[in-house]
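Worksheet: the structure to be examined is printed underneath.
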Amino acid sequence: MNILKTDIPSIKYKDIWNDGICYNEINEIIVHNKDPQDADTWTNNFRTQFYTFLEMRADKFFNYNPKKRCRDLYYILYYILYKIKNLRDYEESYENIKLAIKNYMDSALGIHDYAICIRDSFNEDCNNYNKIEEGNKKKIDDLCEDIDYTKKNYDKINKSSECAEIKKHIDHQYETLKEVYNANSQKYSDVLGYYEFTSFNELDNIIKKIQCSSDGNLHASAQALNPDRMSSLSGGQISIILFLSLFGCLLVCFFLYKHTSLGLWLNNRIGKKIKFFNKMNYENNHEIIEEMSGYLQDNLHNEEYNVLYHSSGE
Numbered sequence: 001m002n003i004l005k006t007d008i009p010s011i012k013y014k015d016i017w018n019d020g021i022c023y024n025e026i027n028e029i030i031v032h033n034k035d036p037q038d039a040d041t042w043t044n045n046f047r048t049q050f051y052t053f054l055e056m057r058a059d060k061f062f063n064y065n066p067k068k069r070c071r072d073l074y075y076i077l078y079y080i081l082y083k084i085k086n087l088r089d090y091e092e093s094y095e096n097i098k099l100a101i102k103n104y105m106d107s108a109l110g111i112h113d114y115a116i117c118i119r120d121s122f123n124e125d126c127n128n129y130n131k132i133e134e135g136n137k138k139k140i141d142d143l144c145e146d147i148d149y150t151k152k153n154y155d156k157i158n159k160s161s162e163c164a165e166i167k168k169h170i171d172h173q174y175e176t177l178k179e180v181y182n183a184n185s186q187k188y189s190d191v192l193g194y195y196e197f198t199s200f201n202e203l204d205n206i207i208k209k210i211q212c213s214s215d216g217n218l219h220a221s222a223q224a225l226n227p228d229r230m231s232s233l234s235g236g237q238i239s240i241i242l243f244l245s246l247f248g249c250l251l252v253c254f255f256l257y258k259h260t261s262l263g264l265w266l267n268n269r270i271g272k273k274i275k276f277f278n279k280m281n282y283e284n285n286h287e288i289i290e291e292m293s294g295y296l297q298d299n300l301h302n303e304e305y306n307v308l309y310h311s312s313g314e
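Residue numbering for the sequence shown follows full-length UniProt numbering, beginning at 1 and increasing consecutively.
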């Protein structure tokens, strides 16, 4: 199995709950501060869509780290409820919306055997919600999951055709969050505990074990030349590739001509050919001139004869 960058959990499971909670709909309500009646419509759509989503799709992502999938759900729901709470004219409707979402969600999770995701209450988390801290907690959780996945798949990742891209992605996450974690380690240490990591430095030690092998690079080159992959390219992309290939060949030929004995050899060969053709042209031209000269002389004699003939006839 060739592990790709898109197989890394933070990418593979990003936004997985959006369809299930009608995220685009509620985001429009929040961005444009629509009326509470629109939010009521969203809660009804949430009830139907969330149930259907669990029934049709949840098995595809709950089989890997289900507790993290549950946390992903609450990360986004708490953010939505926080935004709704701060909308203008939502003072009276906020509590009803929050209660409705909680009841619909708990019911659907219980029916589909995902009770692991059910929490006792939204109140404490929503009332004490800190947008920056919760956002950082989500990012650190994503990073830890990526590194835990890496730890379990060293061999496959190191041989992956996209090993360098995977390493770059994880390195970037780590460097971005290192200062955030160190500035308030007590706040985020519980996230490391989900994965039994004891310190943030432990994450760095795991990342250092990602050492891409040459086999992965060879595989990447083979993938680039794969006919199936070429067939997926657009006409414009194929034209560019062909042009660059032809241009590269011309450059190589020009270099060989100017800087190697091949140029001298070609000059000699071409020079001999030119001399040969010049000689042939000269001989042919000379023969043609002689023939034309003879032809003109004959015609001149004939004309003189005709003049004399007609003169004598008169």
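Glycine residues also receive a C-beta, built at the ideal position from the N, C-alpha and C atoms.
{"Check": "May I have the straight-line CA-CA distance separating F50 from G20, to the nearest angstrom?", "Outcome": "5 Å"}
{"Check": "Give the secondary structure of residue 315 by DSSP, where H, G and I count as helix, E and B as strand, and everything else as coil.", "Outcome": "Residue 315 lies beyond the range of the chain shown here (1 to 314); nothing can be said about it."}
{"Check": "What residue from N136, K67, W42, L54 has the CA that sits closest to Y94's CA?", "Outcome": "W42"}
{"Check": "Among residues of its own chain, excluding the 5 on either side of Q173, which ones have a beta-carbon nearer than 6 Å to its beta-carbon?", "Outcome": "L143"}
{"Check": "Can you tell me whether H112 is helix, strand or coil according to DSSP?", "Outcome": "coil"}
{"Check": "By the three-class DSSP mapping on this structure, what secondary structure does H169 have?", "Outcome": "helix"}
{"Check": "Check each candidate in N128, D148, K178, V191 and name the one with the smallest Cα separation from K209.", "Outcome": "D148"}
{"Check": "Check for me: the alpha helix (DSSP H) holding G20 runs from which residue to which?", "Outcome": "Looking at the DSSP string, G20 is not in any alpha helix (DSSP H), and its letter there is neither H nor E."}
{"Check": "Under a three-way DSSP split, which group does M1 fall into?", "Outcome": "coil"}
{"Check": "Identify whether S199 lies in helix, strand or coil by the three-state DSSP scheme.", "Outcome": "coil"}
{"Check": "Please state if the CB of Y129 and the CB of Y82 are separated by a distance shorter than 7 Å.", "Outcome": "yes"}
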